[in-house]
Amino acid sequence: MGIFRSKFFYMCCFLFVALVAATIFFYFTDEGVANEFRQVRQPNPNLFHVGIDVSATIESDMLDDFKNNVISRLKNFIGDEAVSYYVSSFGNPGCGKASFSSIVSNQSPKDETAFEWDVQKKILSVSPARKPGPGRPLTTPLNCLLDQVLTDRIGGRVIIFSDLLNEESDCPTIPCPFPERAITKFGANKEGQIVFLYPTPHELKKKDQQNFIDKMQKLASEGRIRAFFYHIPDDPEKRSAFMKTQLQNSIPVTTFEIVQERVLKMVDAIVSAVRG
2 MGIFRSKFFY MCCFLFVALV AATIFFYFTD EGVANEFRQV RQPNPNLFHV
52 GIDVSATIES DMLDDFKNNV ISRLKNFIGD EAVSYYVSSF GNPGCGKASF
102 SSIVSNQSPK DETAFEWDVQ KKILSVSPAR KPGPGRPLTT PLNCLLDQVL
152 TDRIGGRVII FSDLLNEESD CPTIPCPFPE RAITKFGANK EGQIVFLYPT
202 PHELKKKDQQ NFIDKMQKLA SEGRIRAFFY HIPDDPEKRS AFMKTQLQNS
252 IPVTTFEIVQ ERVLKMVDAI VSAVRG
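So the number in my numbering is just where the residue sits in the sequence shown, counting from 1, plus 1.
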């Protein structure tokens, strides 16, 4: 028994040393990992922007899960007027900014009654985009949304619920390009970060989705933006719990949640660096 205990002890020591060595290595070779370690002592987040994709490719049940969990998180800020949050939808009829809809834009309400009317009711009213009339195509201008939000919310926490597909092919105007300039300008303020919660797209669109993720993660590994991607489970029974956990990390309230979120972000950055 003593031999096995000794082997187990040495194995634990080896794993610990290997973990420390890997962490130090990525700290000096990957700016994304280094950024997360530098943000451990950053101020608590108090500016949030939630972007909701309502295009036809998003399942209504998944949209409802997301809305309910966002409401549950924002409700924790009632009475805290230092916190401001903005909720918008995109993918409504129209091209570019015409497809955006501002849902909530204010400081956290003082009481539950105000929250119910000014926040909860408005978020619950968000619904999948319906087939529009002539001249108003259904689009998903993700690039255009990011360009505006990242320009307006520098230093804030941006949470995007979307399949990450930029689709403006039915518009007569030139589609918005990948907004690298807005992304890097936003990323210059290291208090800001972008969190993407995304579902599995149609098989034919998986490559397009991965291309977007690869572009963002390349900028993140270079230290030009703090960006995190979390895939929403396909199983409806796991989906709500997943969203609850991820939104708790993305919109932390208590000291424990804030510390937990920062540790998890460091782990996520290291895992991304390992995967390359």
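Where is the CB? At the ideal position from N, CA and C, for every residue including glycine.
- Under the DSSP definition of a beta bridge, Leu198 partners with Phe162 and Tyr231.
- The C-beta separation of Val84 from Ser109 comes to about 4 Å, placing the pair in contact by the 8 Å criterion.
- Listed in chain order, the non-local C-beta contacts of Asn190 below 8 Å within the same chain comprise Ile155 and Gly156, local neighbours out to five positions each way being set aside.
- For Thr140, the closest C-alpha among the options Arg263, Ala228 and Ser56 is that of Ser56.
- Rounded to the nearest whole angstrom, the C-alpha separation of Val260 and Pro253 is 9 Å.
- Exposed is the label assigned to Arg182, since fewer than 16 other Cβ atoms lie within 10 Å of its Cβ.
- Of the candidates Asp62, Ser61 and Val71, Val71 places its Cα closest to the Cα of His50.
- Residues Thr140, Pro142 and Pro176 of the same chain have their beta carbon placed closer than 6 Å to that of Glu169, with the five preceding and five following residues left out of the count.
- Residue environment analysis places Phe257 among the exposed positions, since fewer than 16 neighbouring C-beta atoms fall within 10 angstroms of its C-beta.
- In the DSSP assignment, Gly52 forms a beta bridge with Ser89 and Ile161.
- One thing to note: Gly52 has its Cβ within 8 Å of the Cβ of Phe162.
- Remark: C-beta atoms of Ile184 and Leu220 approach each other more closely than 8 Å.
- Secondary structure within the stretch 92 to 176: the beta strand (DSSP E) runs of 3 or more consecutive residues, fully enclosed, are 102 to 108 and 158 to 162 (chain order).
- For Glu181, the uninterrupted alpha helix (DSSP H) run begins and ends at Glu181 to Gly188, by DSSP.
- The C-alpha of Val264 is placed about 33 Å away from the C-alpha of Lys206.
- About 5 Å separates the CB atoms of Phe197 and Phe230; that is less than 8 Å, so the two are in contact.
- In this structure, Val127 and Ser90 form a Cβ contact; the two beta carbons are roughly 5 Å apart against a cut-off of 8 Å.
- In the structure shown, the three-state DSSP call for Ala57 is coil.
- Asp112 has its alpha-carbon roughly 14 Å from the corresponding atom of Lys122.
- Contact annotation: Arg137 and Gly97 have beta-carbon atoms that are not nearer than 8 Å.
- Asn250 sits buried, since 16 or more C-beta atoms from the chains shown fall within 10 Å of its C-beta.
- Scanning Asn167, Lys245 and Ser241 for the CA closest to the CA of Thr58 turns up Asn167.
- Taking C-beta atoms as the reference points, Gly188 and Arg225 count as a pair closer than 8 Å.
- Nearest C-alpha to Leu165 among Asp119, Tyr87, Lys208 and Glu223: Lys208.
- Here Phe116 has Lys76, Ile79 and Pro110 as same chain residues with Cβ atoms under 7 Å from its own Cβ, once five neighbours each way along the sequence are excluded.
- Straight across, the Cα-Cα distance linking Val268 with Pro173 is about 44 Å.
- Membership of Lys207 in the alpha helix (DSSP H) is indicated by the continuous run Lys207 to Ser222.
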